[in-house]
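Single-structure report; data block below.
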Amino acid sequence: MPTSALDRLIVRPARMEDVDMLVTFSAAMALETEGRRLDMDRLRRGTQRVFDSPTRGFYVVAELPQESSPGVIGQLLVTYEWSDWRDATFWWIQSLYVHPDWRRRGVYRRMHEYIRQQARSRSDVCGLRLYVEAGNTGAQAAYRQTGLFPSSYRIIEEDFVFPNKMV
14 MPTSALDRLI VRPARMEDVD MLVTFSAAMA LETEGRRLDM DRLRRGTQRV FDSPTRGFYV
74 VAELPQESSP GVIGQLLVTY EWSDWRDATF WWIQSLYVHP DWRRRGVYRR MHEYIRQQAR
134 SRSDVCGLRL YVEAGNTGAQ AAYRQTGLFP SSYRIIEEDF VFPNKMV
């Protein structure tokens, strides 16, 4: 991405008019990273509920001005996890997607910097967390470059919607 295009990149809170793109990007991310075809009605409802109830989290988008097309080129979702040990909240970065045409050009880094700045400005946020597929080494390298490193914790779950998980 030329420097001038990156200079025009806007990272902002998502708005209701972004829902269609958020749904499209989330579906693409699930197919690409996990081979899952999501139920689009369920995905749209789940995306909409974040806007209906801010206690669930918030979306952030990376956007280029329309004259540069294609407009929104990246997204992420922040959700919350309370830590009684820290008396503060972790912000979990989820539903991260950058359009393939714009990858490895600094778009995720800019979204991450935006989220990090927002989180560090608040006394009730104790850190950022993100989960990544174990085999996605390219993404893991990108996350390390933004200051995220593997923790000593491993996520284990019982998923009531997608019960057939590989171990």
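With our numbering as the guide, the letters of the sequence shown map in order to residues 14 to 180.
A virtual CB, placed ideally from N, CA and C, is assigned to each residue, including glycine.
Bridge partners of Trp105, per DSSP?
Answer by DSSP bridge pairing, in chain order: Thr92, Arg142.
Please report whether the beta-carbon of Trp98 lies at a distance below 7 angstroms from any beta-carbon of chain C.
No chain C appears in the structure shown, which is made up of a single protein chain.
For Ser165, I'd like the list of residues in its chain whose CB is within less than 8 angstroms of its CB, leaving aside the five on either flank, ordered along the chain.
Closer than 8 angstroms at the Cβ level, and outside the excluded window around Ser165, lies no residue.
With three or more beta-carbon pairs closer than 8 angstroms as the criterion, would you say the region 86 to 93 touches the region 111 to 131?
As far as the Cβ criterion goes, the region 86 to 93 touches the region 111 to 131, which means the pair count is three or higher.
First and last residue of the alpha helix (DSSP H) that includes Val63?
Counting along the chain, the alpha helix (DSSP H) containing Val63 begins and ends at 53 to 65.
Measuring only the C-alpha atoms, how far is Gln107 from Leu141?
Gln107 and Leu141: Cα-Cα distance of roughly 11 angstroms.
For a test of the three-state rule: what should DSSP assign to Glu171, helix, strand or coil?
Glu171 falls in the coil class under three-state DSSP.
Which residue comes first and which comes last in the beta strand (DSSP E) that contains Arg25?
Arg25 -> beta strand (DSSP E) spans 23 to 26.
In whole angstroms, what is the alpha-carbon distance linking Pro78 and Trp98?
Roughly 43 angstroms separates the two Cα atoms.
Are there 16 or more other CB atoms within 10 angstroms of the CB of Asp31, so buried, or fewer, so exposed?
Flag for Asp31 reads buried.
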